[in-house]
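Colleague: Residue numbers (UniProt numbering): 1 to 162. A virtual CB, placed ideally from N, CA and C, is assigned to each residue, including glycine.
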């Protein structure tokens, strides 16, 4: 499935998600818009090569793979590989994309109240057992038995880089 990403002030782009997650995301976006909140998908499915490029960039930025792994999953370990994870933004506060400041937006407040109704949960809350930095923008779909089974081990797994 392909989900269109749109907001008032950016060019249209597209993100891929598993069909179940994509349909639920579209319903969630529509529900938020009815309440005046502009949730915008920023990054959905990522293949191994794209994750490798992102991880290399973060390794260079942070100086080591271990430091980078607290900010972005190593290739082969990203929830984005599943097609059930999505990075979200507030279309009315785009300066806060993919940053902890997103946690202070209307979109994040709405998501914390309503995302579960659509099968989504925050992947990496503060002080998560995986040791991943707080990522208020990163949500995973757990609205089907398949998706729940996929993510259940990750909820208690401690990430290590080796």
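Does DSSP put residue 141 in a helix, a strand or coil?
Modeller: DSSP places residue 141 in strand when its eight states are reduced to three.
Colleague: Please state if the CB of residue 16 and the CB of residue 45 are separated by a distance shorter than 8 Å.
Modeller: Yes, the Cβ-Cβ distance between residue 45 and residue 16 is below 8 Å.
Colleague: Can you tell me which of 37, 62, 124, 86 puts its alpha carbon nearest to the alpha carbon of residue 133?
Modeller: For the residues 37, 62, 124, 86, the minimum Cα distance to residue 133 belongs to 124.
Colleague: Short check: CB of residue 84 to CB of residue 48, under 8 Å?
Modeller: Not closer than 8 Å, so no.
Colleague: Buried or exposed: where does residue 104 fall if 16 or more other Cβ atoms within 10 Å of its Cβ makes it buried?
Modeller: Exposed, because fewer than 16 other Cβ atoms sit within 10 Å of the Cβ of residue 104.
Colleague: When the Cα atoms are used, what is the spatial distance from residue 82 to residue 19?
Modeller: Distance between the alpha carbons of residue 82 and residue 19: 11 Å.
Colleague: Rounded to whole angstroms, what is the Cα-Cα separation between residue 56 and residue 119?
Modeller: Cα to Cα, residue 56 sits roughly 32 Å from residue 119.
Colleague: May I have the straight-line CA-CA distance separating residue 50 from residue 108, to the nearest angstrom?
Modeller: Going by the C-alpha atoms only, they are around 26 Å apart.
Colleague: Mind checking which residues open and close the alpha helix (DSSP H) that includes residue 95?
Modeller: Counting along the chain, residue 95 falls outside any alpha helix (DSSP H), and DSSP gives it neither H nor E.
Colleague: So for residue 30, helix, strand or coil by DSSP?
Modeller: Looking at residue 30 - three-state DSSP - the assignment turns out to be helix.
Colleague: In its own chain, which residues sit with a C-beta less than 7 Å from the C-beta of residue 151, not counting the 5 before and 5 after it?
Modeller: Same-chain partners within the cutoff: 140, 142.
Colleague: Return the chain-ordered list of same chain residues with a C-beta closer than 7 Å to the C-beta of residue 95, the five sequence neighbours on each side being excluded.
Modeller: Excluding positions up to five away in sequence, the list is empty.
Colleague: With distance defined between alpha-carbon atoms, name the residue in 148, 70, 112, 113 nearest to residue 129.
Modeller: Of the listed residues, the one whose Cα sits closest to residue 129 is 70.
Colleague: Name the DSSP bridge partner or partners of residue 85?
Modeller: Residue 85 is bridged to 140.
Colleague: Helix, strand or coil: which one does DSSP assign to residue 126?
Modeller: Residue state, collapsed to three classes: coil.
Colleague: Near residue 24, which residues of its chain fall below 8 Å by C-beta distance, leaving aside the five closest residues on each side in sequence?
Modeller: Correct list, in chain order: 118, 119, 120, 141, 143.
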